[in-house]
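Chemist: Pasting in a structure now, in structure tokens, and then I'll have a few things to ask.
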Amino acid sequence: MKLELRGITKRFGTFAANEDVDLVVESGQVHTLLGENGAGKSTLMNVLFGLYDPTEGEILLDDEPVAFAGPGEAMRAGIGMVHQHFMLVPVFTVAENVALGDEYTKAAGVLDLEATRSRIREISDQYGFHVDPDAIVEDLPVGVQQRVEIIKALVRDARILILDEPTAVLTPQETDELLNIIRQLRADGTAIVFISHKLREVKAISDTITVLRRGRVVGTADPSAEASELAALMVGRDVVLNRQKTEPNLGDQSFCVEDLTVVSPTGQVLVDGVSFGIRQGEVLAIAGVQGNGQTELTEAIMGLQKASGSIRLDGRELLGRSTRQIIRAGVGFVPEDRSTDGLVGTFTVAENMVLNRYDTAPAGTSLQLNPKAIRRLATEKVEEFDVRTQGVDIPVGTLSGGNQQKVVMARELVDDLSLFIASQPTRGVDVGSIEFLHSRIIAERDSGTPVMIVSTELDEVLELADRIAVMYHGRIVGIVPGDTSRDHLGLMMAGQLPDDVVLADGSTPTQEGARA
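Just so you know, the sequence shown maps onto residues 242 to 757 in the numbering used here.
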């Protein structure tokens with residue numbers, strides 16, 4: 242089946258999320274939509290899938306114009322979509338999830354789950370999915386859950402498959418397995434729209450690449466193009482993708498976490514006896530698939546989660562202190578969700594710059610603010626961190642994601658930090674802003690500050706880390722040097738420790754020791 246978009250425009254009020262977009266996807270082709278976050282990729286696919294009506298333009302299937310009143314009509318026309326955030330019911334079985342919305346029935350309308358199971362087994366065997374129809378979805382690894390989403394589309398005879406940021410939550414091994422599945426689907430004649438901003442994967446799987454920037458098509462490229470060329474198309478300027486950092490100048494181990502445990506109100510152990518230390522002038526990256534305790538670990542360090550164990554900074558115990566006291570102890574903290582935890586969208590850029598010290602000089606006192614000093618400080622930080630804004634008096638929520646993240650980073654990177662923690666420091670940020678933010682993180686490390694980075698992006702971990710601690714199911718599987726291979730890190734992210742991996746202390750533990 243051939244898909245064609247002609248002049249697709251989608252406006253929300255006066256904002257044009259897509260503008261005059263043309264796109265052609267042929268059968269048996271992987272056509273990648275490449276662009277920074279906010280470029281309009283997902284909006285365009287939501288138009289195609291019937292979730293949004295286009296403001297202008299038309300959609301053609303096999304040269305015939307079509308219009309979809311909703312996803313159901315799109316699916317019946319042969320279009321399937323695997324969303325970045327899975328649309329699965331965790332407590333249902335695989336078969337029950339696949340049947341939802343397209344149930345096989347027997348006589349008198351009785352649900353025929355066995356017919357669904359049979360189709361799942363058939364597709365699973367064809368593509369080597371190894372998916373049990375009777376498995377409970379919440380018990381499955383993330384990579385297998387994604388296969389269930391693909392099966393849902395294939396059961397409905399999808400001949401065009403949209404994959405929206407499909408590798409965002411996968412380990413490297415799961416990513417490789419997914420790319421192999423995509424190749425099989427392509428060989429069977431499926432037309433695939435692959436949405437991503439990860440250049441490594443785009444180059445590995447694409448037949449052709451269309452680049453979106455600010456809702457418009459700015460160019461097409463061949464997968465053989467250099468990554469730097471693709472990055473420049475995405476952001477409109479040259480970008481340094483692989484920053485060469487110097488060897489760390491290590492000082493004392495001034496930050497130490499020992500036997501840290503976090504238990505949920507329901508009794509679930511979220512962080513399980515975690516111990517590590519960070520030396521001055523060192524970046525320790527906490528790596529792992531999202532949901533393995535990283536969020537709870539950082540929240541416990543910042544006093545946002547009740548925990549047991551010990552957290553010491555410069556010899557002082559932080560466990561049990563309030564978040565305000567921890568910040569006053571010299572901790573800079575970039576939370577993983579800037580919009581919820583890092584910024585107040587209706588406050589000005591200047592006001593957001595002093596959220597962590599509005600009651601200390603020069604921003605103010607416990608009794609009053611100093612607006613002139615706040616504005617002066619914000620103006621200096623905007624220039625230093627290259628925040629693209631019309632002024633410090635406009636609401637921070639009007640800025641792009643990358644510039645919002647720069648505001649958070651500028652606020653937290655103050656003089657004389659004793660510890661800097663950044664959780665998902667470049668999530669939702671374009672490659673140009675990533676380049677800048679990474680340089681600031683390395684500069685903070687080079688100033689002698691111990692730095693802790695939490696990231697699910699393996700490329701980011703490898704670029705920044707001097708050492709890497711991998712978390713799995715709330716525990717640290719191992720702490721390894723920053724130059725450990727992607728394959729080894731991927732196995733560790735799945736809970737395994739290869740026999741030949743070398744830990745940061747030079748030891749080579751056994752598989753049994755890793756599981757203990």
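Yeah, the Cβ is synthetic: ideal placement off N, Cα and C, and Gly gets one too.
1) Alpha carbons only, please: which of GLU267, HIS272, LYS393 and LEU329 is nearest the one belonging to LEU453?
2) Beta-carbon within less than 6 Å of GLU314's beta-carbon, same chain only, minus the 5 sequence neighbours each way: which residues are those?
3) Could you work out which residue in GLU624, VAL503 and GLU621 is closest to LEU511 when comparing CA atoms only?
4) DSSP three-state call for GLY313: helix, strand or coil?
5) Out of ILE450, ALA472 and ALA591, state which residue places its alpha-carbon closest to the alpha-carbon of GLU267.
6) By DSSP, does GLU698 sit in helix, in strand, or in coil?
7) Spatial neighbours of ALA745 within its chain, please: C-beta separation below 7 Å, excluding the five flanking residues on both sides.
8) Using CA coordinates, which residue listed in ASP303, ALA308, GLY747 and ARG629 is at the minimum distance from SER641?
9) Count the other CB atoms, across all protein chains shown, that sit within 10 Å of the CB of PRO612; report buried if there are 16 or more and exposed otherwise.
10) Could you pull the DSSP bridge partners for PRO464 from this structure?
11) So, are the CB atoms of VAL530 and THR697 less than 8 Å apart?
12) One question on the structure: do ASP687 and GLY571 come within less than 8 Å of each other, judged by their Cβ atoms?
13) Look up PRO739 in the DSSP assignment and say whether it is helix, strand or coil.
14) Write down the C-beta distance between ASP216 and PHE588 rounded to the nearest angstrom, noting that I regard them as a contact closer than 8 Å.
15) According to DSSP, simplified to helix, strand and coil, what is ASN259?
16) Leaving out five residues on either side along the sequence, give the residues of the same chain with a beta carbon under 8 Å from the beta carbon of GLU333.
17) Thinking C-beta only, is ASP405 closer than 8 Å to MET594?
18) Check the C-beta distance from VAL335 over to VAL288 and give it rounded, since I have them as a contact under 8 Å.
19) For my contact list, ILE694 and ILE682 are in at a C-beta cut-off of 8 Å; report their separation, rounded to the angstrom.
20) Work out the CA separation of GLU653 and VAL524 for me, nearest whole Å.
21) Thinking GLN414 and GLY731 are a contact (beta carbons under 8 Å), I'd like their distance in whole angstroms, please.
22) Using only CA atoms, which one of ALA473, MET733, LEU381 and SER359 lies nearest to PHE327?
23) Where MET543 and GLN665 are concerned, what is the direct C-alpha to C-alpha distance, given to the nearest angstrom?
24) In terms of residues, what are the limits of the alpha helix (DSSP H) holding GLU363?
25) To which residues does DSSP link LEU321 through a beta bridge?
26) Under a Cβ-count criterion, where at least 16 other Cβ atoms within 10 Å of its own Cβ denotes burial, should HIS635 be classed as buried or exposed?
27) Going by beta carbon distance, what residues of the same chain come within less than 8 Å of GLU470, once the five residues before and after it are set aside?
28) Tell me which same chain residues have a C-beta within less than 7 Å of the C-beta of ASN533, skipping the five on either side of it?
29) Of all Cβ atoms in chain D, is any one closer than 8 Å to the Cβ of ALA745?
30) With DSSP collapsed to three states, give me the class of ASP513.
31) Could you check whether VAL649 and GLY583 sit closer than 8 Å to each other, using their CB atoms as the reference points?
32) Just checking, does the segment 391-402 make contact with the segment 354-370 on the three C-beta pairs under 8 Å criterion?
33) Quick one, are the C-beta atoms of GLY586 and VAL637 less than 8 Å apart?
34) Less than 8 Å between the beta carbons of VAL476 and GLU277, yes or no?
35) Check for me: the beta strand (DSSP E) holding GLN494 runs from which residue to which?
36) Tell me, which residues are paired with ALA745 by DSSP?
Modeler: In short:
1) Translated into positions along the sequence shown, residue 453 becomes position 212. Residue HIS272 is the option with its Cα nearest to LEU453.
2) For the purposes of this step, residue 314 is taken as the residue at position 73 of the sequence shown. GLY291, listed in sequence order.
3) For the purposes of this step, residue 511 is taken as residue 270 along the sequence shown, with counting starting at 1. It is VAL503 whose Cα lies nearest to the Cα of LEU511.
4) By one-based count along the sequence shown, residue 313 stands at place 72. Helix.
5) As a working note, residue 267 is residue 26 in the sequence shown. Here the closest residue by C-alpha is ILE450.
6) Translated into the one-based positions of the sequence shown, residue 698 becomes position 457. Here GLU698 sits in coil by DSSP.
7) By one-based count along the sequence shown, residue 745 stands at place 504. Cβ neighbours of ALA745 beyond the five flanking positions: ARG708, ILE720, VAL721 and PRO722.
8) Taking the sequence shown and counting its residues from 1, one reaches residue 641 at position 400. Comparing Cα-Cα distances from SER641 to each of ASP303, ALA308, GLY747 and ARG629, the minimum goes to ARG629.
9) On the sequence shown, position 371 is the one that residue 612 refers to. Its Cβ having fewer than 16 others within 10 Å, PRO612 is exposed.
10) Translated into the one-based positions of the sequence shown, residue 464 becomes position 223. Answer by DSSP bridge pairing: none, since PRO464 is not bridged.
11) Indexing the sequence shown from 1 puts residue 530 at position 289. Indexing the sequence shown from 1 puts residue 697 at position 456. The answer is yes: Cβ separation under 8 Å.
12) Here residue 687 corresponds to residue number 446 of the sequence shown, with the count starting at 1. Here residue 571 corresponds to residue number 330 of the sequence shown, with the count starting at 1. Contact: no.
13) Along the sequence shown, read from residue 1 onward, the residue named residue 739 stands at position 498. Coil.
14) This structure leaves residue 216 out entirely; the chain is present only between 242 and 757.
15) As a position in the sequence shown, residue 259 is number 18, starting the count at 1. Of the three classes helix, strand and coil, the one that applies to ASN259 here is strand, per DSSP.
16) Numbered from 1 along the sequence shown, position 92 holds the residue referred to as residue 333. Note that residue 333 corresponds to Phe in the displayed sequence, not to Glu. Result list for PHE333: LEU341, ILE377 and VAL378, in chain order.
17) Start at 1 with the first residue of the sequence shown, and residue 594 comes out as number 353. Start at 1 with the first residue of the sequence shown, and residue 405 comes out as number 164. For MET594 and ASP405, no; Cβs fall outside 8 Å.
18) Taking the sequence shown and counting its residues from 1, one reaches residue 335 at position 94. Taking the sequence shown and counting its residues from 1, one reaches residue 288 at position 47. Actually they are not in contact, since the Cβ atoms of VAL335 and VAL288 sit about 30 Å apart, beyond 8 Å.
19) Taking the sequence shown and counting its residues from 1, the one referred to as residue 694 is at position 453. Taking the sequence shown and counting its residues from 1, the one referred to as residue 682 is at position 441. Yes, ILE694 and ILE682 are in contact; Cβ-Cβ is about 7 Å, under 8 Å.
20) Here residue 524 is taken as the residue at index 283 of the sequence shown, counted from 1. Here residue 653 is taken as the residue at index 412 of the sequence shown, counted from 1. Each residue's Cα considered, the two are about 16 Å apart.
21) As a working note, residue 414 is residue 173 in the sequence shown. As a working note, residue 731 is residue 490 in the sequence shown. About 5 Å separates the two Cβ atoms, so the contact holds.
22) On the sequence shown, residue 327 is found 86 positions in, with the first residue counted as 1. When only C-alpha atoms are compared, the closest one is LEU381.
23) Here residue 543 is taken as the residue at index 302 of the sequence shown, counted from 1. Here residue 665 is taken as the residue at index 424 of the sequence shown, counted from 1. Taking the straight line joining both Cα atoms gives about 15 Å.
24) Taking the first residue of the sequence shown as position 1, residue 363 is located at position 122. Counting along the chain, the alpha helix (DSSP H) containing GLU363 begins and ends at 354-368.
25) Within the sequence shown, residue 321 is the residue found at index 80, counting from 1. Residue 321 is actually Gly in this sequence, not Leu. Partner(s): LEU402.
26) Position 394 of the sequence shown, counting from 1, holds the residue named residue 635. Going by the sequence as given, residue 635 is Ile instead of His. So ILE635 ends up on the exposed side.
27) Counting from one through the sequence shown, the residue named residue 470 turns up at place 229. Closer than 8 Å at the Cβ level, and outside the excluded window around GLU470, lie ALA462.
28) To locate residue 533, count along the sequence shown from 1; it is residue 292. Correct list, in chain order: MET712, TYR713, HIS714 and GLY715.
29) Given the protein chain composition of this structure (a single chain), no chain D is represented.
30) If you number the sequence shown from 1, residue 513 lands on position 272. If DSSP states are grouped into helix, strand and coil, ASP513 belongs with the strands.
31) Residue mapping note: residue 583 aligns to position 342 of the sequence shown, counting from 1. Residue mapping note: residue 649 aligns to position 408 of the sequence shown, counting from 1. Taking 8 Å as the Cβ cut-off, GLY583 and VAL649 qualify as a contacting pair.
32) yes
33) Mapped onto the sequence shown, residue 586 falls at position 345. Mapped onto the sequence shown, residue 637 falls at position 396. Cβ distance < 8 Å, so GLY586 and VAL637 count as in contact.
34) If you number the sequence shown from 1, residue 476 lands on position 235. If you number the sequence shown from 1, residue 277 lands on position 36. For VAL476 and GLU277, yes; Cβs fall inside 8 Å.
35) As a first step, residue 494 must be located in the sequence shown, where it is residue number 253. First-last of the beta strand (DSSP E) with GLN494: 494-504.
36) Translated into positions along the sequence shown, residue 745 becomes position 504. Answer by DSSP bridge pairing: none, since ALA745 is not bridged.
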